[in-house]
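Trainee:
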Amino acid sequence: MAALFSEKLDSAAYIISADQEHIRDFPIMSNPTSNTATSDDAFTQEVAKLIVHALNLDVDPTTISPDDSLYGSGLGLDSIDILEVALVVSKNYGIQLRADHEDNEKIFSSLRSLSDYIAANKTQ
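Residue numbers (the working numbering): 1 to 124.
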């Protein structure tokens with residue numbers, strides 16, 4: 001599955017990178033100066049709101065379970081959605097999520113894992 005995820009993310013990166021200047025600016029929804037090792041419930045909900053807003057999902061962010069899968073089953077995001085989330089996370093939190101990162105499958109496995117990764121690595 002990791003190879004399939006990476007392959008789809010690589011092809012999506014090529015498609016999106018040519019049009020990156022059209023990625024919208026999304027507001028940071030909390031104080032970005034705190035840098036914690038794991039996310040709290042409020043930060044996890046912030047990330048859920050960011051995902052819903054970035055992808056224009058018709059989902060109430062508060063209904064997204066922190067432990068449900070983001071990719072495939074669960075929230076049902078595809079590789080293009082994951083790439084757009086990665087771009088928005090990069091823009092809002094200063095984290096560079098690369099398509100060839102060996103931990104992508106783990107990072108994007110759930111809302112909680114993505115939130116924890118952002119909380120531990122954000123620079124903004």
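Virtual Cβ for every residue (Gly too), placed ideally from N, Cα, C.
Rounded to the nearest angstrom, what separates TYR71 and ASP58 at their Cα positions?
Mentor: Within the sequence shown, the letter at position 71 stands for residue 71. Within the sequence shown, the letter at position 58 stands for residue 58. Going by the C-alpha atoms only, they are around 17 Å apart.
Trainee: Would you be able to state if there are at least three C-beta pairs under 8 Å between the segment 116-123 and the segment 74-81?
Mentor: Contact between the segment 74-81 and the segment 116-123 is absent: fewer than 3 CB-CB pairs across the two stretches fall below 8 Å.
Trainee: Apply the 10 Å Cβ neighbour rule to THR125 and answer buried if 16 or more other Cβ atoms are within range, or exposed otherwise.
Mentor: This structure does not reach residue 125, given that the chain is present from 1 up to 124, and the question cannot be answered.
Trainee: Quick one: is the Cβ of LYS91 within less than 6 Å of any heavy atom of the ligand MN?
Mentor: Absent from the structure shown: the ligand MN. Ligands present: none.
Trainee: Hey, how far is the Cα of SER69 from the Cα of VAL47?
Mentor: Reading the sequence shown from its first residue, position 69 is the one you call residue 69. Reading the sequence shown from its first residue, position 47 is the one you call residue 47. Looking at the two C-alpha atoms, the distance is approximately 14 Å.
Trainee: Taking the straight line between their C-alpha atoms, what separation do you get for GLN124 and TYR93?
Mentor: Within the sequence shown, the letter at position 124 stands for residue 124. Within the sequence shown, the letter at position 93 stands for residue 93. Their Cα atoms are separated by approximately 5 Å.
Trainee: Would you report the Cα separation of LEU75 and ILE64, rounded to the nearest angstrom?
Mentor: Stepping through the sequence shown from its first residue, residue 75 is reached at position 75. Stepping through the sequence shown from its first residue, residue 64 is reached at position 64. In a straight line, the C-alpha of LEU75 is about 7 Å away from that of ILE64.
Trainee: Measure how close the beta-carbons of LEU111 and THR44 come, nearest whole angstrom, since I'm counting them as under 8 Å.
Mentor: On the sequence shown, position 111 is the one that residue 111 refers to. On the sequence shown, position 44 is the one that residue 44 refers to. Right, the Cβ-Cβ distance comes to about 6 Å (below 8 Å), so this counts as a contact.
Trainee: What do you get for LYS106, buried or exposed, if any count of 16 or more other CB atoms within 10 angstroms of its CB means buried?
Mentor: The residue given as residue 106 occupies position 106 in the sequence shown. When all chains shown are included, LYS106 counts as exposed.
Trainee: For ASN104, is the classification buried or exposed, using 16 other Cβ atoms within 10 angstroms of its Cβ as the cut-off for buried?
Mentor: Position 104 of the sequence shown, counted from the start, is the residue given in the question as residue 104. The residue is buried, with at least 16 neighbouring Cβ atoms inside 10 Å.
Trainee: Pull up the distance between the alpha-carbon of ILE51 and that of VAL85, whole angstroms please.
Mentor: Taking the sequence shown and counting its residues from 1, the one referred to as residue 51 is at position 51. Taking the sequence shown and counting its residues from 1, the one referred to as residue 85 is at position 85. Cα-Cα distance, rounded: 6 Å.
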